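Residue numbers (my numbering), protein chains in the order written: chain A, 1 to 290; chain B, 1 to 794.
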């Protein structure tokens, strides 16, 4: 939670600014810049259908509607640890996915099912004469041993309200260089703020090889179902999340460093986005008065 | 007597006439006064303590002494032995019995070698628009060509494309690290007590060093050794008081000034509930004394302390402060060799505190820099054609890179301090002003500077090919206190020349090399004092600059108009910039966050001044470019391509006008116009995981809208009565007369709920859907700011 130190300091400075100065909306002509493809996809071990989403960049001061790209060629090659290969061409689907305000551009797998830890997945996208590649390797699953819950009093800034808090237990592997993301669901709803998911990401420098005991910062009430996913991710995906957090956080903060583009693992002709993999260990617990 | 009529024939006996040029009324020494020998058309210029010395052959001479704002004095001297002669100049308000002689100084801009030097005429500065009741030295400097401001909210300035940490500002010899008060409306210099302010932006003489782009040398009054005086001003935004007087008549004097603002009055008028409870003020205090210990010795003591406080409700506080102290000793070794020894101390801190939420989260943060050292300077007036200045300086520096402390018992913040860094900066120099012929004058010199990063400390080594999100060292070496961690040298040749085509025309050219061992790490687009001072280390290299400049100067209509055009080119080496994702907050590995690159700037400055008559003022225009490039292939700053520096402003106009209607009314006005600062903004956007992500094409790819502003002031003076000591004036001023909203920062706002983004509804797949369109939001600090001040003195 060292993030909170910096978080509130920056928040305080933002509030300072918004009262210290007056604001007005101005016309601001942005330059034209070449439209680029945005490729987003995360392979995981739990779902039997894998998705990749393709969309496009657009000028910043235009409405926040993002059209999908329906005419791309999308292919994933799976290479298992024993060398067996599977090539799958993904097809356009009309599913809307987890996002608001988005309009398709989703491609689904046909032959490829749940991903296998240790296997490598190579993505190839071809669109309007340009080719884009990315590779991701599914990490080994780090299992959640158990989830417990306890009624706690509010204690800002760690616990916003009084209620039940869930703690995750698991054994961190002795190898160093593991990276994680944790997703928490309350009654099947992914927790986050303002309709977008939170990013709880960590590396293992502070707790390599130890038994993880992590209290999650979300409050539950009786009869809620808490689902926790402990996801192992590649180091480069962790870096991608950090640039994502940095950008999202810095929005509106004039004291932030000059903005820069997110880390991307898409190669070939220039494109944005990230093609990653989640090795998920999932557990659920129903909150009941003891 | 008749033998002495042709002094040039008698070359065997040479004698020196020397002494101090002072204000007759207050006893203040006058810096840069001209003492000209009519017969030989040569002379001397009084030094930083008002001392002059001229060596001539035996004979009779007529000396003309003049200084702007004073009546010229004529002295006849029978030079048959060394003579000490103090000259006391009168201001025009004083008794008038002297005949006013042609102002020979009027040609000084054409004849002096100093290029890119602006000596602020304090008499003229006092006629500038007195905004908020006060004229201000830094505000005036920013109206000169070649000097660009950072905009509203700060007094930081950029000279000829250099970063704002490349300006050396000194107060009586001690370094001032932050010369701005909150809001940038006031500087830390109380103009009632400023004696001299000189800005060097081009040919910086060898006796100054340590910063690349400019030197602003400010000298305050020392305190009258003749009479008591009080000057005060009570205004709608701030008030000030100055008291001075003799300690012993004609031997010593003291000076105390104090100033306090109460700008929070603004905030109390705000409709916002938090702004209502906020405070915003600053104060300054100066105390000085001097005493003459004998014919040859004089000592001076001075101190300054200032503080700024801003508190937002009871949630958040910002404060910073400066303190300086000097102890100076002047000693005359001979009547031609004047020396000054200065012991100096400077301290700057910046801090903020948070009381947000509840007791659990109270914390205070502080960072800063401290300096203690000594300087010795000797002025050797060899002959009227050759004057040499030589000496040395050394100071020890402490760099506090940030410390956070919990406040109160319940705070969950853990104390954290980044290790202090230390440095020892030393330099020796020699500078010669050499009048080679009646037309050609050269100023040449050499400065050798040295910097040692001292322990205790840890020297880190980083993998040069990796610029990961968190950059940690691969190697470290620990040094104990007193050990030298790193050493750097800077040999700095300086040369400038003036060629006088005739009495009213001249051309000048110069080459200057400067070095800088301390730097400000700044991570913002908006210019804030969250900036950190850091020393040069094994990773952060010293910066160097090579500057060439050339110019043409001309006086018209009997020195009523001065015109100059000056062009320059600067090569900036080892410029520092933060890498992408830099973390400068409480990071002990902060050195790894820097990337080293280069810069180059060039431009032309045009100045037209009218110095005489009821109507005076100037018009300045600068056309310039300022570039940076970081071609480190691993750091990936702006694709390793050249990009505009943040301070790149193509056009910069300033118009300053002063009109003295009669004895009672004076009006003044400014108008400034300049191209917008460069800043970084996204060009395109896309969506990832439900979020909107910006795409950036490079650093500083956009510009703020143009900045322009007019200020006006009118001053009513009390009637002049003979023998009346009590005088007053009332100043009415308006800052930003037509209320232009000038940009302080620009963000793109995508928040349609709490922010200003636009909301609309479209039909998607037959369903109505709410759509948000981001807008560009500009934050500006000031609209029209009027003020009234009542000033008086006795």
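In this text, a Cβ means the ideal position worked out from N, Cα and C, and glycines have one as well. Keep in mind that this is a model prediction, so the values were computed, not measured.
Across the set 205(B), 518(B), 60(B), 552(B), the C-alpha of 518(B) shows the shortest separation from the C-alpha of residue 370(B). By the Cβ neighbour-count rule, residue 128(A) is exposed, with fewer than 16 other Cβ atoms within 10 Å of its own. For residue 611(B), no beta strand (DSSP E) run applies, since DSSP gives it neither H nor E. Annotation: residue 263(B) to residue 781(B) spans about 13 Å, alpha carbon to alpha carbon.
Judged by DSSP secondary structure, residue 124(B) falls within the alpha helix (DSSP H) whose first and last residues are 122-125. Pairing residue 218(A) with residue 775(B), the inter-Cα distance amounts to about 33 Å. Residue 247(A) belongs to the set of residues whose beta carbon lies under 8 Å from a beta carbon in chain B.
Not a single C-beta of chain B is nearer than 8 Å to the C-beta of residue 214(A). Around residue 671(B), the same chain offers 655, 710 as residues with beta carbons nearer than 6 Å, after the five sequence neighbours per side are excluded. When DSSP states are grouped into helix, strand and coil, residue 142(A) belongs to the coil group.
It is roughly 27 Å from the alpha-carbon of residue 191(B) to the alpha-carbon of residue 19(B). About 5 Å separates the CB atoms of residue 229(A) and residue 282(A); that is less than 8 Å, so the two are in contact. DSSP, reduced to helix, strand and coil, places residue 38(B) outside both helices and strands of the structure shown, so it counts as coil. With respect to residue 579(B), residue 593(B) sits close: the two C-beta atoms are nearer than 8 Å. With 16 or more other CB atoms across the displayed protein chains lying within 10 angstroms of its CB, residue 155(B) is buried. Flagged as an interface residue toward chain A: residue 776(B), by a C-beta distance shorter than 8 Å. With fewer than 16 other beta carbons inside 10 angstroms of its own, residue 716(B) counts as exposed.
The three-state reading of DSSP puts residue 639(B) in helix, counting H, G and I together.
Rounded to whole angstroms, residue 27(A) and residue 125(B) show a C-alpha spacing of 38 Å. Going by beta carbons, residue 509(B) and residue 565(B) fall outside the 8 Å limit. In the three-state DSSP reduction, residue 50(A) falls in the coil class, being neither helix nor strand. The beta-bridge partner set that DSSP reports for residue 769(B) consists of 762(B). Sixteen is the threshold: since fewer than 16 other Cβ atoms of the shown chains lie within 10 Å of the Cβ of residue 78(B), the residue is exposed. The segment 339-392 of chain B contains, as complete beta strand (DSSP E) runs of 3+ residues, the segments 363-383 (chain order). Against chain A, the beta carbon of residue 694(B) has neighbours under 7 Å at 60, 247, 259, listed in chain order. Listed in chain order, the beta strand (DSSP E) runs fully inside the segment 179-222 of chain B are 194-200, 214-220, counting runs of at least 3 residues.
In the DSSP assignment, residue 137(B) falls within the alpha helix (DSSP H) that extends over 137-141. Look at the beta carbons and you see the segment 694-710 of chain B touching the segment 636-644 of chain B: at least three pairs across the two are nearer than 8 Å. Separation of the CB atoms of residue 40(B) and residue 384(B) is rounded to 7 Å, and the pair is thereby assigned contact status at 8 Å. At a beta-carbon threshold of 8 Å, the residues of chain A lying near residue 741(B) are 22, 24, ordered along the chain. The Cβ of residue 748(B) sits closer than 8 Å to at least one Cβ of chain A. Three or more Cβ pairs closer than 8 Å define a contact, and the segment 463-476 of chain B falls short of that threshold against the segment 552-568 of chain B. Contact of residue 273(A) with chain B by beta-carbon distance below 7 Å involves 688. Burial state of residue 161(A) is exposed, judged by a 10 Å Cβ sphere holding fewer than 16 other Cβ atoms.
Of the candidates 484(B), 750(B), 691(B), 438(B), 691(B) places its Cα closest to the Cα of residue 245(A). When C-alpha distances from residue 212(B) are compared across 739(B), 313(B), 169(B), the shortest belongs to 169(B).
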